[in-house]
Amino acid sequence: MADSLLLNEEQELLRESARGFCSERAPLSLHRKLRDSRNPDGFDRDLWRQMVELGWAGMAIPETCGGYGFGHTGLGLVLEETGRTLADSPLVATVLLGANAILETGNEAQKAELLPRIVAGELLLAFALDEHIVHDPGRIETAAVPRNGGFVLNGSKTFVLDGHVADRIVVAARIGGGSGDPENIGLFLVDAAAPGLEITRTIMVDGRNCANIVLNDVAVDAGALLGGSAVTPEALDRVLDIARIGLAAEMLGSIEEVFERTLDYLRQREQFGVPIGAFQALQHRAAEMYGEIELGKSLVRAALAALDDPASGATRIARLASAAKAKLSEVFFLVSNEGIQMHGGIGMTDEFDIGFFLKRARVAQQFLGDAGFHRDRYATLHSF
Amino acid sequence: MSGALEQFRAETRDWLEENCPASMRTPMPPEEVVWGGRDAEYANPDSKLWLERMAAKGWTCPLWPAEYGGGGLDSARAEVLAGELARIHARPALTSFGISMLGPVLLEYGSHEQRLEHLPKIVRGEIRWCQGYSEPGSGSDLASLNTRAELHGDHYVINGSKIWTSYADKADWIFCLVRTDFEAPKHQGISFILFDMASEGVSTKPIKLISGSSPFCETFFDDVKVPAGNIVGRLNDGWSIAKRLLQHERTMISGFGLAGGQAEGGGASETTVESIAMRYRGDTDKLSDPLLRDRIARFRIDSEAFALTSRRSAEESEGGGPNHISSMLKYYGCELNKRRCELLLEAAGNRALGWEGEGFDADELSLAREWLRSKANSIEGGTAEIQLNVIARRVLDLPDLTGILRGKR
Numbered sequence: 424m425a426d427s428l429l430l431n432e433e434q435e436l437l438r439e440s441a442r443g444f445c446s447e448r449a450p451l452s453l454h455r456k457l458r459d460s461r462n463p464d465g466f467d468r469d470l471w472r473q474m475v476e477l478g479w480a481g482m483a484i485p486e487t488c489g490g491y492g493f494g495h496t497g498l499g500l501v502l503e504e505t506g507r508t509l510a511d512s513p514l515v516a517t518v519l520l521g522a523n524a525i526l527e528t529g530n531e532a533q534k535a536e537l538l539p540r541i542v543a544g545e546l547l548l549a550f551a552l553d554e555h556i557v558h559d560p561g562r563i564e565t566a567a568v569p570r571n572g573g574f575v576l577n578g579s580k581t582f583v584l585d586g587h588v589a590d591r592i593v594v595a596a597r598i599g600g601g602s603g604d605p606e607n608i609g610l611f612l613v614d615a616a617a618p619g620l621e622i623t624r625t626i627m628v629d630g631r632n633c634a635n636i637v638l639n640d641v642a643v644d645a646g647a648l649l650g651g652s653a654v655t656p657e658a659l660d661r662v663l664d665i666a667r668i669g670l671a672a673e674m675l676g677s678i679e680e681v682f683e684r685t686l687d688y689l690r691q692r693e694q695f696g697v698p699i700g701a702f703q704a705l706q707h708r709a710a711e712m713y714g715e716i717e718l719g720k721s722l723v724r725a726a727l728a729a730l731d732d733p734a735s736g737a738t739r740i741a742r743l744a745s746a747a748k749a750k751l752s753e754v755f756f757l758v759s760n761e762g763i764q765m766h767g768g769i770g771m772t773d774e775f776d777i778g779f780f781l782k783r784a785r786v787a788q789q790f791l792g793d794a795g796f797h798r799d800r801y802a803t804l805h806s807f
Numbered sequence: 002m003s004g005a006l007e008q009f010r011a012e013t014r015d016w017l018e019e020n021c022p023a024s025m026r027t028p029m030p031p032e033e034v035v036w037g038g039r040d041a042e043y044a045n046p047d048s049k050l051w052l053e054r055m056a057a058k059g060w061t062c063p064l065w066p067a068e069y070g071g072g073g074l075d076s077a078r079a080e081v082l083a084g085e086l087a088r089i090h091a092r093p094a095l096t097s098f099g100i101s102m103l104g105p106v107l108l109e110y111g112s113h114e115q116r117l118e119h120l121p122k123i124v125r126g127e128i129r130w131c132q133g134y135s136e137p138g139s140g141s142d143l144a145s146l147n148t149r150a151e152l153h154g155d156h157y158v159i160n161g162s163k164i165w166t167s168y169a170d171k172a173d174w175i176f177c178l179v180r181t182d183f184e185a186p187k188h189q190g191i192s193f194i195l196f197d198m199a200s201e202g203v204s205t206k207p208i209k210l211i212s213g214s215s216p217f218c219e220t221f222f223d224d225v226k227v228p229a230g231n232i233v234g235r236l237n238d239g240w241s242i243a244k245r246l247l248q249h250e251r252t253m254i255s256g257f258g259l260a261g262g263q264a265e266g267g268g269a270s271e272t273t274v275e276s277i278a279m280r281y282r283g284d285t286d287k288l289s290d291p292l293l294r295d296r297i298a299r300f301r302i303d304s305e306a307f308a309l310t311s312r313r314s315a316e317e318s319e320g321g322g323p324n325h326i327s328s329m330l331k332y333y334g335c336e337l338n339k340r341r342c343e344l345l346l347e348a349a350g351n352r353a354l355g356w357e358g359e360g361f362d363a364d365e366l367s368l369a370r371e372w373l374r375s376k377a378n379s380i381e382g383g384t385a386e387i388q389l390n391v392i393a394r395r396v397l398d399l400p401d402l403t404g405i406l407r408g409k410r
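Chains as they are written, first to last, in the working numbering: chain E, 424 to 807; chain A, 2 to 410.
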């Protein structure tokens, strides 16, 4: 029997509470304030403490590991709501990427040490994978060479979300094999203060906080290697797919918000003596967007449900992850562009909020693979 | 799953094992589709057997009440039945506009007597129905229709003509929109009426289409006498029934969009766009044309998302019939099917462009015909543009320009 695509009562309540919290405590005006004040963290630490108190940091972590066991759907619903107000927080880097990397590839000792600290909001993480201008997990060249019972890391990373504030950085590095070899990749937990680590914050167009990282002979002990050995390509894919699906959920929230704001404007703005939303040229474009958004929502719901279903095979999850990330990237592109166009001149002003969604759209599209990357992967997964 | 439901599944499986003929578990060629009716023809005798057995259990219409000949199943059991039928790749025992369009509105608006008279015959495939909606001057502006029904004592006299009446030349009865109040505003003078196509004064003329086939007809009514009791619902209130029926029709047509692949991604079926493309292009593990490959991937993702959305929509309405999403599904499903046909045409190159004769096999010839036929998808049952209007107004709550201008006049 296929998983239901509807939310249960508990999930509906969770979403309502997350929506209420975001609109009250993390509205879009806070995102603007953080940007305007050039906040060094890029997020509000007090707000993060409140999110942690709500259990958001442990949402998808099983109760046996100190979390709250709301599953990937639970975390996805929270991300959908933070996406609506573009709330800045460590949720994506620390919880979606970092915690899941530890949960999926760490050994028992690593999980026991790290996960409860994440749930308690005591530890911020970043996930350093990409080395090129586009996402390409198949081309990792950062090297990890065994030395003195540990490893020495050399290489450089880019587009590392929250890299400038993380306490520990999960670095993907090659233990053996050559560039392009999907095997022999290790995930290393590197202390942000480690000698030889150079972290440079990069301020992105959407205000999302990334960093470039250079590793010059960074020495780590053997216990820093998650799981004690290289990760299988399947395990690395699963970590990335969980993050892609969560990101797609966040994108869905942003898309719904920008669409609703645009519809409101179409109903209110008058030209030629009538609301512009009465014009068929705009109505049809809005109706087409509605269809695309509904399709995107179904993919997000199905992908989250598949992650929470223990019977889902790796191929099914990979296909849904790529379908969701490809589709949501396209829809966010469409809806953010139309949002600006349909707002006309006012949409071009910094004072108006709609432009924030356009900026977030492009960063979210690039992160963890754009639509072209995922359509190629989807085709390969379907053997064509 | 509950024990009772499991037991129903086991019984259903056993019954199907015993009663579904082997040839009814094979892919159905178009000429073997069973439409029923007084003059029903069965290219395969097993089709008749299969229909009779399914109809005896009411399973051609599993959700309809047993009192009207239906299966009387709840939605959970109907889902089990559908699952078991799919499991053995059983053909639909009966395809009919009575099942997909008329039946649901009779259950909602018809009198007990009307249901008793018509529904069991639909379940058993005894009467084949056609739809009298569009007229030569009334396409997208359907409510402007001019076919007149005038009351003479205990019956109406109907005059006018319909167009694009699917299979009117093969149908036994028609459900028809007629004008019964000639003074009222256009939406308020229409009634929904049922009559026998064998009545005196009814004639039909098939229309040849660009695909070469003639599924549609012109239908003429010349002083056709119809008993007054054949009106469904209230006199002059036919427009609300007409719109409701259109929702059912759109849900049926949106099913075309499911042809591109099932939600779960399926296996390497021989009929998927990508497998046909690879066969024609001589590619083995990867499509060599990267642009075609990308377009097929985008199509496949949209098909998968569409199938999931159809399922979500059904779950949201919990078997309560079409909901606000039905116009969107109709619009998107038709666009998807047109995309599928265009991709197949492109994938098979000049092999897909044959019209007739020896140079092409039957599958190749059907590629071109199916592609031509698909162009009607976004016209029939309300054009793509009408669906977008409905979505904008009813779902997105955008203002109605016509109404605003009327108010200002």
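We put the CB at the ideal spot given by N, CA and C, even for glycine. Note that the structure is predicted; figures quoted are calculated from it, not measured.
Other residues of its chain near residue i: CB distance less than 6 Å, five sequence neighbours each side excluded
i, result
"A425/E", "Per-residue confidence for A425/E stands at a pLDDT of 48, beneath the threshold of 50, marking its modelled position as unreliable; the derived number appears in the next sentence. Taken in chain order, the list of residues that qualify is empty."
"F466/E", "D511, S512"
"A385/A", "Y332, S379"
"E503/E", "A672, L675, G676"
"Y110/A", "V233, G234, I242"
"A169/A", "C131, T205, C218, T220"
"S745/E", "H797, R800, Y801"
"H113/A", "none"
"L57/A", "Checking the displayed sequence, the identity of residue 57/A turns out to be Ala instead of Leu. Answer for A57/A: no residue qualifies."
Same chain only: Cβ atoms within 8 Å of residue i, ignoring 5 sequence neighbours per side
i, result
"L546/E", "T517, L537, R540, D590, R591"
"A701/E", "none"
"I484/E", "G490, Y491, G492, A522, L526, L538, I541, V542"
"G38/A", "G126, E127, I128, R129, K171, A172, D173"
"Y713/E", "F682"
"T148/A", "G133, E136, I159, N160, G161, S162, K163, C177, L178, V179, R180, F222"
As assigned by DSSP and simplified to three states, the class of residue i
i, result
"Y801/E", "helix"
"T272/A", "coil"
"L638/E", "strand"
"I123/A", "helix"
"C21/A", "coil"
"H587/E", "coil"
"Y157/A", "strand"
"K287/A", "coil"
"A744/E", "helix"
"S141/A", "coil"
"P28/A", "coil"
"I622/E", "strand"
"L6/A", "helix"
"A349/A", "coil"
"E317/A", "helix"
"C62/A", "coil"
"L397/A", "coil"
"F196/A", "strand"
"P105/A", "helix"
"I326/A", "coil"
One or two residues paired with residue i in a DSSP bridge
i, result
"W130/A", "W174/A"
"R570/E", "G573/E"
Inter-residue CB distance, residue i and residue j (contact presumed, cutoff 8 Å)
i, j, result
"V106/A", "I242/A", "6 Å"
"I164/A", "M198/A", "Contact doesn't hold; Cβ gap of about 16 Å is too wide."
"Q248/A", "S327/A", "5 Å"
"E761/E", "R708/E", "6 Å"
"D290/A", "R282/A", "7 Å"
Contacts around residue i, its chain only, beta-carbon distance under 7 Å, and the 5 residues preceding and following it disregarded
i, result
"H587/E", "I622, R624, N632, A634"
"L82/A", "T13, W60, P63, L74"
"M765/E", "T685, Y688, L689, L705"
"P656/E", "P605, E606"
Which ranges would you report for the alpha helix (DSSP H) in the region 200 to 260 of chain A if only whole runs of at least 4 residues count? 239 to 255
Just to confirm the assignment: which complete beta strand (DSSP E) runs, minimum length 3, are found wholly within the region 510 to 564 of chain E? 548 to 551
Please go through the region 436 to 486 of chain E and give each complete alpha helix (DSSP H) segment of 4 or more residues, from N-terminal end onward. 451 to 459, 468 to 476
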